[in-house]
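Numbering-wise (this note's numbering), the sequence shown opens with residue 680 and increments by one. The beta-carbon is built from N, C-alpha and C at its ideal position, and this holds for glycine as well. Bear in mind that the values here come from a model prediction, so they are computed numbers and not experimental data. To start, the structure itself, in structure tokens.
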Amino acid sequence: MSLTFSLKDFRSVATSSEFSPPRLLAPYISIDRAEYSSLADQFARSGGSVADAFSHLRSRLGPSWFANLYASQSAILSYSQTAFPAYRFLLPEVLADDWAATVDWRSYQRDHLIHQPLTAYVVYKLLTRLNVGAGESEASLLDWCADAVLGGPETLYCRDYLADMGLEEASLWFSGGPISRELWKALFLETAYLAAAFHDMGYPWRYIGKLGSRLEHVLCMVRGPGDQAEQICEVLGDRLVFVPFRNYCARTRPDRPVTWVPNRLGLIRDALMNTHGLPGAVAFLYLNDVLREYPVEQIGAIAIRRFCVEWAALAIMMHDMKDIYWGEGGLNPDNPQLRLRIERDPLSSILTLADLVEEFGRPCATFSPDQDSGASVRYQSACQSATVELARNKETLTISFEMSSSPDRANKVLFLEKENQEYFNPRDGFLDLSALGIRSVRFLVE
């Protein structure tokens, strides 16, 4: 079976209820109205205005690409009112920074404002339309993931964390019956959408980290996210986002070696400086924490809603941990505990897969020299669509990209050869889908 993803398809389903943001559990936090008002006042005093930011962007992008961005961001902004209320206070600066990223000549600077809603659409469609397994065991990817979290031995950290948050063992969520399964399906789909919609919000912090590292030789004191590693560990060290660093154990083992604390701190500092995943996860948690009421009674419903935020932060971090997993890039990964195996971390695995698929519809600026005015800018997308195809025997997954021009195709082929090895090498690729019965994953460029 195959699924095709494109900007045209996204537009058609975005106006229907087919892939509308799931809202069964939202809002995820009880808002402290005084804190929200304080943040809104600070935002107003700083001159922040979402309307002005969109207006300035319209003059830079032109009508066609602005329409694409405005439609996707309006939907996400509406969704954020209950899912992530602090997002509106970030949006003006993010809009400005994202436009600057789109016209930058460096390859690591690309659009994310269109990319994030499109990734949420890819996540939704993969989970609900892709069937895995064979024969009587065939099921939707969403069914498979819900079963893995509800009863899988390697996802005990999720259930332990929920219990520690106040969900009683006798709860219907832990019963294992048909109703419990449907609840976990809804929880998984909703959290996956939440994580996808905001998964790249850590890019501004990564820029600060890069700036700091490049100015070290002139002794400029640029405070980047890596400088706060110890404080972040102290404040957030017990949260779900840090379970991968201790091999997905929800609770600290009593026999950990004395060298583990400094080793973990070094890994976290590296991830804060050299990924956008961990800075994004920390920012996501902080901006939810600063607005939520606390302390409040930890009843089951509140625990489940809060768990969505904690679980989404984990996926936001892990989708960009490939370089930390591989480390120096030798024959073997330096940090094997960070490998994404879908039976152990299905949420992060699905987000990472969707992030790889979503290359279509992202604007890239090209410049044409003009002797009179200097240069003219034109926006286009190098990738028109992406197709995910699972072979009839369900053992080979093919991800193909339709590129717009020969140079784009050639560049994409060279890039994907390296990416395929880093992500999908059967022995130690960062993303392991073998528990689904998938023995090989390959990229194609059309």
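Span separating the alpha-carbon of residue i from that of residue j
i, j, result
"G856", "L829", "10 angstroms"
"T1077", "L1035", "12 angstroms"
"L1030", "A765", "22 angstroms"
"I981", "N747", "36 angstroms"
"I1117", "L915", "35 angstroms"
"A875", "E1038", "14 angstroms"
"N926", "W990", "16 angstroms"
"E833", "S819", "20 angstroms"
"L946", "D1013", "11 angstroms"
"D1002", "H955", "11 angstroms"
"D624", "R739", "Residue 624 lies beyond the stretch modelled for the chain, which goes from 680 to 1125, so this question has no answer here."
"L718", "F768", "8 angstroms"
"V729", "F986", "29 angstroms"
"F722", "P701", "28 angstroms"
"L851", "T761", "25 angstroms"
"T1075", "L1112", "10 angstroms"
"P1086", "A1061", "10 angstroms"
"V922", "D839", "12 angstroms"
"E861", "R918", "26 angstroms"
"S725", "G881", "21 angstroms"
"N1011", "F1080", "29 angstroms"
"F733", "G727", "12 angstroms"
"L966", "Y715", "11 angstroms"
"R1071", "G814", "11 angstroms"
"S696", "N1104", "38 angstroms"
"T938", "S709", "39 angstroms"
"E1007", "D949", "12 angstroms"
"F1046", "F763", "36 angstroms"
"E817", "H998", "26 angstroms"
"G1040", "I793", "8 angstroms"
As assigned by DSSP and simplified to three states, the class of residue i
i, result
"T870", "helix"
"Y1058", "strand"
"E895", "With a pLDDT of only 47 at E895, under 50, the local geometry of the prediction cannot be trusted, and the value read off the model is given with reservation. Helix, per DSSP."
"A1114", "helix"
"C928", "coil"
"L862", "helix"
"I710", "strand"
"F1080", "strand"
"S1119", "strand"
"P1042", "strand"
"R1106", "coil"
"V937", "coil"
"R838", "helix"
"R943", "helix"
"R1023", "coil"
"S699", "coil"
"R948", "helix"
Check whether residue i and residue j have beta carbons under 7 angstroms apart
i, j, result
"Y803", "F698", "yes"
"Y707", "V969", "no"
"A1033", "V801", "yes"
"F1122", "N1099", "yes"
"L868", "L809", "no"
"A992", "V1067", "no"
"D879", "Q752", "no"
"F1094", "Y1004", "no"
"S685", "S1064", "yes"
"C837", "P1025", "no"
"A871", "E1022", "no"
"P883", "D777", "no"
"A908", "L951", "yes"
"D711", "E972", "yes"
"V1120", "V1092", "no"
"A960", "M996", "yes"
"S1028", "L1019", "yes"
"Y1058", "W744", "yes"
"K864", "L835", "no"
"L1115", "V811", "yes"
"R984", "L704", "yes"
Bridge partners - residue i, DSSP secondary structure assignment
i, result
"E1068", "S681 and T1077"
"V692", "V692 is not bridged to any residue."
"A818", "V811"
"V1124", "F1080"
"S1047", "S1055"
"R971", "I710"
Item to complete: Write down every uninterrupted run of the alpha helix (DSSP H) in the segment 737 to 800 whose length is 4 residues or greater and which is fully enclosed by it, in chain order.
Response: 742 to 762 and 766 to 782
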